[in-house]
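Only one structure is covered here, and it is reproduced in the block below.
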Amino acid sequence: MKGFKTCERRLTHLLHSGIRSRRSPATASIGNMAPRLSDFEKGQIDALHRLCLTPRAIAARLRPRPDKTRPSYKTVERFLKNRGEKRVFKKPGPARTISPKLERRLIRHVITDRLTSPEVRIIAQRRKFFISEKNRVKRLAFAREYVHKPLSFWKNVIFSDEKIFRLDGPHGYNKTYQRTRGPEPAPTMRRHSGGGSAMFWGAMSWHGLSTLHRVQGSLNAERYRQVMLNVMMPWALELPWRLDQPDCPFIFQQDNAPGHAALSTRELFDTVGIALLDWPARSPDLNPVENLWAIVSRRVHWQGRQFMRLDDMLPVIYDCWRTEAPKYVEALFESMPRRLQACIDAGGRQTKY
1 MKGFKTCERR
11 LTHLLHSGIR
21 SRRSPATASI
31 GNMAPRLSDF
41 EKGQIDALHR
51 LCLTPRAIAA
61 RLRPRPDKTR
71 PSYKTVERFL
81 KNRGEKRVFK
91 KPGPARTISP
101 KLERRLIRHV
111 ITDRLTSPEV
121 RIIAQRRKFF
131 ISEKNRVKRL
141 AFAREYVHKP
151 LSFWKNVIFS
161 DEKIFRLDGP
171 HGYNKTYQRT
181 RGPEPAPTMR
191 RHSGGGSAMF
201 WGAMSWHGLS
211 TLHRVQGSLN
221 AERYRQVMLN
231 VMMPWALELP
241 WRLDQPDCPF
251 IFQQDNAPGH
261 AALSTRELFD
271 TVGIALLDWP
281 ARSPDLNPVE
291 NLWAIVSRRV
301 HWQGRQFMRL
311 DDMLPVIYDC
321 WRTEAPKYVE
331 ALFESMPRRL
341 QACIDAGGRQ
351 TKY
């Protein structure tokens, strides 16, 4: 029993004096905490940080301590963060979609285009939409089938689509060109989700434009059928169509959105007896109403105009649809053969339209 107490005293003495005395001053710390950075190490970090090195690279280049260890990159990162000097390394991001030469041409174009503002000009730089091989073949087949149709055929087609308008600016536009010379551009604001938005359904025919209908919420199959019954059909039946087609005086075009392609929607058209144009998927460049919506959007946000409330924007949208849009209907219908020929020349891929 006496020998056991003696061993216990010796072990306690070694733990409190012998082992602690063997530690180097540079690594002495409280408990198991990591050693602090010395002034020399802080100077090394500052010097390497000025060379635009990452914290991991800085930690690898620090001079080893007497115990052959180095501060971890987390220690270096924490030191730079606490001093407010942490460098943010931005990712390169996607490749440029246009060349510098084309960008200069766009800037010159928006300066002279009458549909853009004199100070802050916003244009659409749309990214190339993905077209699978299956859809490319369908687009090409559609273009070859309808490219030789006369204008009289397209005069009996109704083109339709939806459009979202935002308070802060045109929806779907992701590039802003500002004039570097001249007066200072007006300040703009960017809010979450554009500050608010409104969706509209509209259609165009050779004989005129439909009533602009605002869609409440998302356009599912049920809401879309109500738009067809209450808005599109009463308007379309009053147009002066040809009398040699009493059963189906017009052909209706719509894209392949879920609400449009739903089985219940197809059954509605079959019941009423409306013929549908077999529209290929992923083909907004072939639909002239897309260009009409772009014109209306540019007029609504003329000179970089933004709105604080939906009540301020809605009257402007209705007025542009009623006064400005009808000026371009005939020219857009006459462009259909050129659109289809451009699709054929591109092999079914995206066109300039």
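Going by the UniProt record's numbering, the first residue of the sequence shown is number 1, and it counts up by one from there. Using N, Cα and C, we set each Cβ at its ideal position, and we do this for glycine too.
- So D39 is in the alpha helix (DSSP H); what residue range does that whole segment cover? D39 to H49
- Query: Going by DSSP, which residues form a beta bridge with V215?
  - Reply: M199
- Task: Report the rounded CA-to-CA distance for H213 versus F129, giving the unit in angstroms.
- Result: 27 angstroms
- Message: Out of Q306, A143 and A203, which one is the CA nearest neighbour of S283?
- Response: A143
- Stretch pair the segment 330-342 + the segment 264-279: three plus CB contacts closer than 8 angstroms: no
- Task: Compare the C-beta of E103 with all C-beta atoms of chain B and state if any pair is closer than 8 angstroms.
- Result: The chain inventory of the structure shown lacks chain B, comprising one protein chain alone.
- Item | Which listed residue (G217, R83, W321 and G195) has its alpha carbon closest to that of M308 | G195
- Message: Tell me whether the segment 294-301 and the segment 252-262 touch, counting them as touching only if at least three CB pairs, one residue from each stretch, are closer than 8 angstroms.
- Response: no
- Message: Excluding the 5 residues flanking L268 on each side, which residues of the same chain have their C-beta closer than 6 angstroms to its C-beta?
- Response: R225
- Query: Cβ of M233 within 8 angstroms of Cβ of V272?
  - Reply: yes
- Message: For I274, list the residues DSSP reports as bridge partners.
- Response: In DSSP, I274 forms no bridge with anything.
- What is the DSSP secondary structure of E162, reduced to helix, strand or coil? strand
- Item | Burial state of E162 (16 or more Cβ within 10 Å) | buried
- Report buried or exposed for C248, applying the criterion of at least 16 other Cβ atoms within 10 angstroms of its Cβ. That one is exposed.
- So, A198 versus L314, is the Cβ gap smaller than 8 angstroms? yes
- Would you kindly work out how many angstroms separate the C-alpha atoms of L237 and S160, rounded to a whole number? Distance from the CA atom of L237 to the CA atom of S160, rounded to whole angstroms, is 15 angstroms.
- Query: Excluding the five sequence neighbours on either side, which residues of its own chain have a C-beta within less than 6 angstroms of the C-beta of L286, listed in chain order?
  - Reply: R339
- Item | For F252, the residue or residues it bridges with in DSSP | I158 and L276
- Query: With 16 as the cutoff for other CB atoms within 10 Å, does P258 come out buried or exposed?
  - Reply: exposed
- Endpoints, the alpha helix (DSSP H) within which S297 is located: P288 to V300
- If A59 sits next to R70, beta carbons under 8 angstroms apart, how far is it from one beta carbon to the other, in whole angstroms? 6 angstroms
- Query: Can the beta-carbon of A221 be found less than 8 angstroms from the beta-carbon of N256?
  - Reply: Contact flag unset, no.
- Message: I need the boundaries of the alpha helix (DSSP H) containing K352, first residue and last residue.
- Response: Run containing K352: none; DSSP gives neither H nor E here.
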